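Peer 1:
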């Protein structure tokens, strides 16, 4: 059995299937971990979601910002200014859209597990965007669980409606309600740059050399890899898979922008791309 972690698919269904064919992926025997942003921007969001749903327990998914945006669109929770900013019409009109949305709504924002490989047992945390400097592994999983509970709960539409926005910009344990859930969501699904105290700048989407004064890529501050855990993430195509950190693995290599879809076999860290 092999476990693969794949970067942002974003509706690029044909490259997904081509990549899985190249490694002879077998649902039921192998596992596919997806770092989020399964859909939007690419041409085949509906086919992508159906495939990942249909392979059942062979797919482990965390939510990205585009996945959350789809949920907000489907449940009519988006601000009016964002309603037209998507390529999801086919998915939204599909007869099984309700089933797909419900399946996605019950996915987490963070996944932690161990894999036995050539280097012995290796621990992994998978998130879409990153983790802030002040959160260790147990804190990250606990904060993620707060958003997961809101998404699964009876008032999930209220959460989806209030998740948009760039403020607050810094974590405080005293945060409550929509501000607390939005802060957690922004860290785990939208973050690129922050300062040493975890203050976010969500306006810059380019590479590392575009960091605002006083800010650095979040993975230059994180503490989780000091706890014998490696981090898998996507979201930041401008990195082109490079972090310069041995145990922080950037898997979004910009397939939807005409570059590559990349997958890493967790047992030996071998990369596969199409």
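Numbering (our numbering), first residue to last: 111 to 384. The beta-carbon is built from N, C-alpha and C at its ideal position, and this holds for glycine as well. Everything numeric in this text was worked out from a predicted model, so none of it was measured.
1. Residue ranges of each beta strand (DSSP E) run of no fewer than 3 residues wholly in the stretch 138-168, ordered along the chain?
2. Use the C-beta contact count for residue 190: other C-beta atoms within 10 angstroms, 16 or more gives buried, fewer gives exposed.
3. Could you tell me whether the Cβ atoms of residue 386 and residue 345 are closer together than 8 Å?
4. When the distance is taken between beta carbons, is residue 172 closer than 8 Å to residue 162?
5. In angstroms with no decimal places, state the Cα-to-Cα distance between residue 149 and residue 158.
6. Sort 373, 366, 371 and 339 by Cα distance to residue 67 and report the nearest one.
7. Could you name the residues of the same chain whose beta carbon sits closer than 6 Å to that of residue 169, not counting the 5 residues immediately before and after it, in chain order?
8. Measuring alpha carbon to alpha carbon, tell me which residue in 287, 114 and 323 is nearest residue 130.
9. Taking the beta carbon of residue 283 as the centre, do at least 16 other beta carbons fall within 10 Å, making it buried, or is it exposed?
10. Leaving aside the five residues before and after residue 271 along the sequence, list all residues of the same chain whose C-beta is less than 6 Å from its C-beta, in chain order.
11. Please state whether the Cβ-Cβ distance between residue 145 and residue 361 is less than 8 Å.
12. Just the Cα atoms here: how many angstroms apart are residue 154 and residue 124?
13. Which of helix, strand or coil does DSSP assign to residue 343?
14. My output table needs one value for residue 232: the three-state DSSP class, helix, strand or coil.
15. Applying the 10 Å Cβ sphere with the 16-neighbour rule, what's the burial state of residue 332?
16. In angstroms with no decimal places, state the Cα-to-Cα distance between residue 384 and residue 286.
17. Straight-line CA distance for residue 147 to residue 196?
18. Helix, strand or coil for residue 322, going by three-state DSSP, please let me know.
19. Does the Cβ of residue 363 have 16 or more other Cβ atoms within 10 Å, making it buried, or fewer, making it exposed?
20. In terms of alpha-carbon separation, which member of 327, 368 and 274 lies closest to residue 353?
21. How close, in whole Å, do the beta carbons of residue 185 and residue 267 come, if the pair is a contact with beta carbons under 8 Å?
Peer 2: A quick look at the data gives this:
1. 141-144
2. Counting from one through the chain shown, the residue named residue 190 turns up at place 80. Result: exposed.
3. One cannot answer for residue 386 here, as it falls past the ends of the chain, which runs 111 to 384.
4. Reading the chain shown from its first residue, position 52 is the one you call residue 162. Reading the chain shown from its first residue, position 62 is the one you call residue 172. Against a cut-off of 8 Å, the Cβ pair of residue 172 and residue 162 comes out as no contact.
5. Against the chain shown, residue 149 aligns to sequence position 39. Against the chain shown, residue 158 aligns to sequence position 48. Going from the Cα of residue 149 to the Cα of residue 158 covers about 7 Å.
6. Past the edges of the chain, shown from 111 to 384, lies residue 67, and the structure says nothing about it.
7. On the chain shown, residue 169 is found 59 positions in, with the first residue counted as 1. Closer than 6 Å at Cβ, skipping near neighbours: 142 and 162.
8. In the chain shown, the residue the question calls residue 130 occupies position 20. Comparing Cα-Cα distances from residue 130 to each of 287, 114 and 323, the minimum goes to 114.
9. Mapped onto the chain shown, residue 283 falls at position 173. It is exposed - the Cβ of residue 283 has fewer than 16 other Cβ atoms within 10 Å.
10. On the chain shown, residue 271 is found 161 positions in, with the first residue counted as 1. Excluding sequence neighbours, residue 271 sits near 187.
11. Mapped onto the chain shown, residue 145 falls at position 35. Mapped onto the chain shown, residue 361 falls at position 251. Yes, Cβ-Cβ distance for residue 145 and residue 361 is below 8 Å.
12. One-based indexing of the chain shown puts residue 154 at position 44. One-based indexing of the chain shown puts residue 124 at position 14. Rounded to the nearest angstrom, the two C-alpha atoms are 8 Å apart.
13. By 1-based counting over the chain shown, the position of residue 343 is 233. Note: residue 343 maps to strand in three-state DSSP.
14. In the chain shown, counting from the first residue as 1, residue 232 sits at position 122. Residue 232: strand per DSSP, three-state reduction.
15. By one-based count along the chain shown, residue 332 stands at place 222. Residue 332 is buried by the Cβ-count criterion.
16. To locate residue 384, count along the chain shown from 1; it is residue 274. To locate residue 286, count along the chain shown from 1; it is residue 176. A straight line joining the alpha-carbon of residue 384 with that of residue 286 spans about 43 Å.
17. Locating residue 147 in the chain shown gives position 37, counting from the first residue. Locating residue 196 in the chain shown gives position 86, counting from the first residue. Their backbone Cα atoms lie some 13 Å apart in a straight line.
18. As a first step, residue 322 must be located in the chain shown, where it is residue number 212. Here residue 322 sits in coil by DSSP.
19. Stepping through the chain shown from its first residue, residue 363 is reached at position 253. Buried, since its Cβ has 16 or more Cβ neighbours within 10 Å.
20. Numbered from 1 along the chain shown, position 243 holds the residue referred to as residue 353. Closest option to residue 353, Cα to Cα, is 327.
21. In the chain shown, residue 185 corresponds to position 75, counting from 1. In the chain shown, residue 267 corresponds to position 157, counting from 1. At roughly 5 Å, the Cβ-Cβ gap stays under 8 Å, so residue 185 and residue 267 are in contact.
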